[in-house]
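Take the first sequence: its position 637, counted from the start at 1, is 637 in my numbering, and no numbers get skipped. Ideal Cβ positions, reconstructed from N, Cα and C, are used throughout, including at glycine. Input: a single structure, listed below in structure tokens.
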Amino acid sequence: MPHKDSNPPSSTPDTDSLVRRLAGPSTTKAGQAVSIDQTEINRIIAEASKGSKFYENEKRKDKELTDRIERLLKHRDEAMKGVDLAKVEQSVDKLIAQLEAHRDLSQTIVHVDMDAFYASVELLDNPDLASKPFAVGQGVLTTASYEARKFGVRSGMPTFIARKLCPELVVISNHFHRYSEMSEKVMAIFRRYDPNMAAAGCDEGYINITSYCEEHSLTAEECVSQMRKVVHEETKLTVSAGIAPNKNKPNGQFKLEFEPEVIKAFMHDLSIRKVPGVGRVHERLLDSIGIKTCGDIFAQRAVLSVMDKEFGLMFLLQTYLGIASNVVEPWQREERKSIGAERTFNPISDTAKIHAKLEEVAAELSGDMTDGGWTGKTITLKYKLDTYKVFTRAKSLDKWVSTKKEDLFAIGKELLKPELPLTLRLIGLRVTKLKDLKAEAESKARGIKRFFESGPSDGSPAKKRRKEDSGEAESEILQLSQDGFATSMPGYADEAEAEADHMADLDERDEVQSLKPSSKAGAAVPQPSSHTAGQGFVAPKPASSGSGPSSPPSKKASSRPTNHDRESSADESIPVLECPICGKLLETDNQGLNEHIDFCLSKQAIKEAQSASLKPPSQSSRTTKNGPKLAPSKAAKKGPGDRDGSLNFRKKG
DNA sequence: GCGGATCAC
DNA sequence: TATGGTGATCCGC
1 MPHKDSNPPS
11 STPDTDSLVR
21 RLAGPSTTKA
31 GQAVSIDQTE
41 INRIIAEASK
51 GSKFYENEKR
61 KDKELTDRIE
71 RLLKHRDEAM
81 KGVDLAKVEQ
91 SVDKLIAQLE
101 AHRDLSQTIV
111 HVDMDAFYAS
121 VELLDNPDLA
131 SKPFAVGQGV
141 LTTASYEARK
151 FGVRSGMPTF
161 IARKLCPELV
171 VISNHFHRYS
181 EMSEKVMAIF
191 RRYDPNMAAA
201 GCDEGYINIT
211 SYCEEHSLTA
221 EECVSQMRKV
231 VHEETKLTVS
241 AGIAPNKNKP
251 NGQFKLEFEP
261 EVIKAFMHDL
271 SIRKVPGVGR
281 VHERLLDSIG
291 IKTCGDIFAQ
301 RAVLSVMDKE
311 FGLMFLLQTY
321 LGIASNVVEP
331 WQREERKSIG
341 AERTFNPISD
351 TAKIHAKLEE
361 VAAELSGDMT
371 DGGWTGKTIT
381 LKYKLDTYKV
391 FTRAKSLDKW
401 VSTKKEDLFA
411 IGKELLKPEL
421 PLTLRLIGLR
431 VTKLKDLKAE
441 AESKARGIKR
451 FFESGPSDGS
461 PAKKRRKEDS
471 GEAESEILQL
481 SQDGFATSMP
491 GYADEAEAEA
501 DHMADLDERD
511 EVQSLKPSSK
521 AGAAVPQPSS
531 HTAGQGFVAP
541 KPASSGSGPS
551 SPPSKKASSR
561 PTNHDRESSA
571 DESIPVLECP
581 ICGKLLETDN
591 QGLNEHIDFC
601 LSKQAIKEAQ
611 SASLKPPSQS
621 SRTTKNGPKL
631 APSKAAKKGP
641 GDRDGSLNFR
651 KKG
């Protein structure tokens with residue numbers, strides 16, 4: 001491997017990546033916007049940030065990443081020495097073929113996303129805002145209206161910068177209660193189509209319409225059109241939807257054909273940044289080895305194979321193929337793993353004042369723990385210096401932590417003490433290794449009840465009763481897939497551009513045109529464009545995915561509804577298939593192999609495989625290890641109904 | 001188990 | 001003047 005190709009990261013001045021980092025995305029995307037051009041917007045943002053501690057911190061992080069990339073490339077050149085490229089590629093191709101062979105196109109998953117949600121709700125309540133550039137939020141904007149986006153204003157942006165970009169910007173404060181209310185209404189409509197739909201934040205969700213379409217003799221498009229129409233009629237809000245993978249537009253709808261070739265073609269030019277789990281850091285790391293789009297994954301498969309540990313080959317191959325989980329399940333209470341609270345304030349050095357902030361946070365956490373019925377064994381203190389550097393200090397107890405404010409406060413102080421002379425801008429507390437007090441109480445009550453009635457009602461253990469039961473037992477219906485998709489965050493304007501080319505549509509953002517109710521284009525945080533995932537679509541949940549360690553896929557596998565028919569007829573004789581992950585030969589049909597693969601992809605299985613089969617020299621690329629370095633896992637599955645996504649919201653404020 | 005990082009929303 | 005909050009996962013000790 002010639003080292004020649006790589007673009008010297010050092011040559012790209014920090015300023016470039018830094019400016020982009022500070023700017024975020026938004027605005028424009030290239031071309032078209034008649035108003036202002038992105039470069040100018042970036043300049044204004046960088047200018048406004050310059051010299052601040054925030055800026056210095058971003059600069060530090062940017063440099064750290066640049067150095068990391070440099071080391072990565074060195075490592076790559078070393079690792080690629082003497083490697084038989086053709087051989088490695090051949091090996092990877094085999095993997096690809098096997099993954100392809102198990103593509104499941106039987107489920108129809110819809111990713112729905114409410115267009116500029118907060119802004120749309122505000123518009124409903126105050127029509128005068130129409131046509132005015134406005135944004136929702138206080139210190140930091142949660143949403144920017146379509147008009148405001150034309151100026152480069154985006155969610156996640158501090159208000160003072162937004163005003164520099166758009167002096168006439170109208171800023172209104174959040175009305176969380178209203179958003180919750182409207183979100184509930186819309187989600188309720190989605191549930192008519194899939195009772196098990198997975199909400200992802202307050203303005204997004206994944207819906208498996210397979211059963212609904214069958215039962216009502218509807219095509220996916222008809223079903224989704226109808227659903228969107230209903231939402232608009234009942235709430236006056238618009239939603240965009242992607243059927244299978246795709247890209248949504250404001251109040252738009254897009255269906256990707258369920259054909260492997262079509263899916264791959266779609267993925268080919270899709271920016272890697274659009275893949276759930278690939279954030280700004282991974283985007284740069286991948287870019288350093290020549291991967292900007294999902295299609296580039298194939299071209300660089302040899303390097304990815306050799307550097308599996310760093311990049312997560314399996315995850316990327318699935319992404320390349322547009323294969324992702326198609327299991328959609330509602331969020332479950334038992335899945336919660338932590339509960340916490342944190343607060344940002346103007347930098348404070350005085351210990352007594354810091355303690356006062358800590359106490360406030362402890363009080364908030366105490367309330368949330370009590371209300372939610374949670375306790376836990378580990379408590380973690382988090383603090384951010386005025387330099388924006390973040391630290392955590394944790395302590396595990398032998399017993400369940402008290403939910404009383406005083407106790408939480410005391411533990412927090414204890415953790416903070418050794419760090420002490422500090423100047424902080426944020427402090428927080430979080431409790432993990434949770435215990436569900438509500439479930440326990442319920443269980444107890446049930447036990448007592450049973451005792452008196454002497455009639456063993458049902459065996460379902462209180463705690464485990466997956467969603468009101470319907471879950472497993474009835475598995476009649478399929479679950480749906482889910483994967484989070486969406487992207488965005490502060491920074492990625494470019495991709496939008498890439499995508500625009502790709503789908504040719506995205507322009508609406510700048511396209512002034514009618515501002516329909518809204519466009520979802522730029523929102524930073526809640527970003528819009530997403531593709532959905534469909535069933536076969538994108539690939540986020542990589543290896544570890546199966547919902548984490550907690551659930552080896554067995555759970556899912558077993559409950560998987562299996563669509564009967566599916567390819568039953570195909571092979572009647574039980575074929576011997578090779579698992580692309582562990583390499584084991586299995587005598588089973590595709591369904592069985594699929595389940596096995598799901599299992600193999602689980603983190604635990606990977607670990608076992610790793611220890612069992614030593615890790616041979618990197619090169620073999622064999623499938624065993626797959627530690628997804630890049631591979632995030634679990635996509636969306638966010639909080640339950642109450643908390644909502646977008647830029648946070650917790651009414652407490 | 002702990003602490004740092006990264007990501008989603 | 002000034003850049004969020006909640007929760008999760010992964011990796012390397």
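Does the segment 376 to 385 come within contact of the segment 415 to 433, defined as at least 3 CB pairs closer than 8 Å?
-> Contact annotation: the segment 376 to 385 touches the segment 415 to 433, with at least three C-beta pairs closer than 8 Å.
Which listed residue (Ile-45, Ile-209, Lys-236, Thr-39) has its alpha carbon closest to that of Asp-115 | Of the candidates Ile-45, Ile-209, Lys-236, Thr-39, the residue whose Cα lies closest to the Cα of Asp-115 is Lys-236.
Beta carbon of Arg-284 nearer than 8 Å to that of Ile-69 = Ile-69 sits close to Arg-284, with the two beta carbons spaced by under 8 Å.
Tell me, to the nearest whole angstrom, how far the beta carbon of Tyr-193 is from that of Ile-172; I am working on the premise that it is less than 8 Å.
-> Taking 8 Å as the upper bound for CB-CB distance, Tyr-193 and Ile-172 are not in contact here, some 33 Å apart.
Between Phe-298 and the rest of its own chain, which residues show a CB-CB distance below 6 Å, the 5 nearest in sequence each way excluded?
-> Answer for Phe-298: Tyr-320, listed in chain order.
For Asn-208: DSSP bridge partner residues = For Asn-208, which the question treats as bridged, DSSP gives the partners Ile-109.
Length of the line joining the Cα atoms of Asp-407 and Lys-353 = So the alpha carbons of these two residues sit roughly 18 Å apart.
Kindly indicate the opening and closing residues of the alpha helix (DSSP H) around Gly-201.
-> Looking at the DSSP string, Gly-201 is not in any alpha helix (DSSP H), and its letter there is neither H nor E.
Chain-order list of residues whose beta-carbon lies under 7 Å from that of Lys-467 (same chain, five-residue window excluded) = In this prediction, Lys-467 scores a pLDDT of 33, lower than 50, which makes its location untrustworthy; the coordinate-derived value is nonetheless stated afterwards. These residues qualify, in order along the chain: Pro-330, Gln-332.
So what does DSSP say about Val-431, is it helix, strand or coil?
-> In the structure shown, Val-431 sits in a strand (DSSP, three-state: E or B).
Note the first and the last residue of the continuous beta strand (DSSP E) segment covering Gln-253.
-> It spans 253 to 255 - the beta strand (DSSP E) in which Gln-253 sits, taken as one unbroken run.
Count the other CB atoms within 10 Å of the CB of His-282; is the residue buried (16 or more) or exposed (fewer)?
-> Classification of His-282: buried, given that the 10 Å Cβ count is 16 or more.
Please report how far the alpha carbon of Glu-221 lies from the alpha carbon of Ile-243, in whole angstroms.
-> Straight-line spacing of the CA atoms in Glu-221 and Ile-243 works out to 8 Å.
CA-CA distance, Val-88 and Ala-97?
-> Inter-residue distance for Val-88 and Ala-97 is about 14 Å (C-alpha atoms, whole angstroms).
Check Glu-342 in the structure and name its three-state DSSP category.
-> In the structure shown, Glu-342 falls within a strand segment according to DSSP collapsed to helix, strand and coil.
Thinking Arg-393 and Leu-385 are a contact (beta carbons under 8 Å), I'd like their distance in whole angstroms, please.
-> The C-beta separation of Arg-393 from Leu-385 comes to about 13 Å, leaving the pair out of contact by the 8 Å criterion.
Whole beta strand (DSSP E) runs in the segment 345 to 428 with 3 or more residues, listed along the chain?
-> Along the length of the segment 345 to 428, whole beta strand (DSSP E) runs at least 3 residues long occupy 374 to 385, 390 to 396, reported in chain order.
Alpha-carbon to alpha-carbon, Asn-326 and Gln-253 = Looking at the two C-alpha atoms, the distance is approximately 19 Å.
Quick one: Cα of Leu-270 to Cα of Ser-288, how far?
-> C-alpha separation (whole angstroms): 17 Å.
Considering only the beta carbon of each residue, do Leu-317 and Leu-105 sit closer than 8 Å?
-> No Cβ-Cβ contact shorter than 8 Å links Leu-317 with Leu-105.
Alpha carbon to alpha carbon, how far is Thr-66 from Asn-126? Give it in angstroms, no decimals.
-> If I take the Cα positions, the gap works out to 46 Å.
For the alpha helix (DSSP H) that Ile-44 lies in, which residues bound it at each end?
-> Here the alpha helix (DSSP H) through Ile-44 covers 38 to 49.
Is it true that the segment 337 to 351 meets the segment 360 to 375, where meeting means three or more beta-carbon pairs spaced less than 8 Å apart?
-> Flag = yes, the segment 337 to 351 and the segment 360 to 375 touch.
State the DSSP-derived secondary structure class of Asn-590, mapped to helix, strand or coil.
-> Only weak support exists for where Asn-590 lies, its pLDDT of 49 falling under 50; the value from the coordinates is given anyway. Annotated three-state conformation of Asn-590 is helix, per DSSP.
Whole-angstrom C-beta distance between Val-231 and Pro-189, which should lie under 8 Å | For clarity, residue 189 is Ile in the given sequence; the question names Pro instead. Yes, Ile-189 and Val-231 are in contact; Cβ-Cβ is about 5 Å, under 8 Å.
How many whole angstroms separate the CB atoms of Leu-141 and Ser-155, which I take to be in contact at a CB cut-off of 8 Å?
-> About 5 Å separates the CB atoms of Leu-141 and Ser-155; that is less than 8 Å, so the two are in contact.
Got a sec, what are the start and stop residues for the alpha helix (DSSP H) Ser-91 sits in?
-> Under the DSSP assignment, Ser-91 falls in the alpha helix (DSSP H) whose first and last residues are 85 to 101.
In chain order, what residues of the same chain have a beta carbon less than 7 Å from the beta carbon of Met-182, not counting five sequence neighbours either side?
-> The residues are Val-121, Thr-235, Leu-237.
DSSP on Val-278, reduced to helix/strand/coil?
-> Coil, per DSSP.
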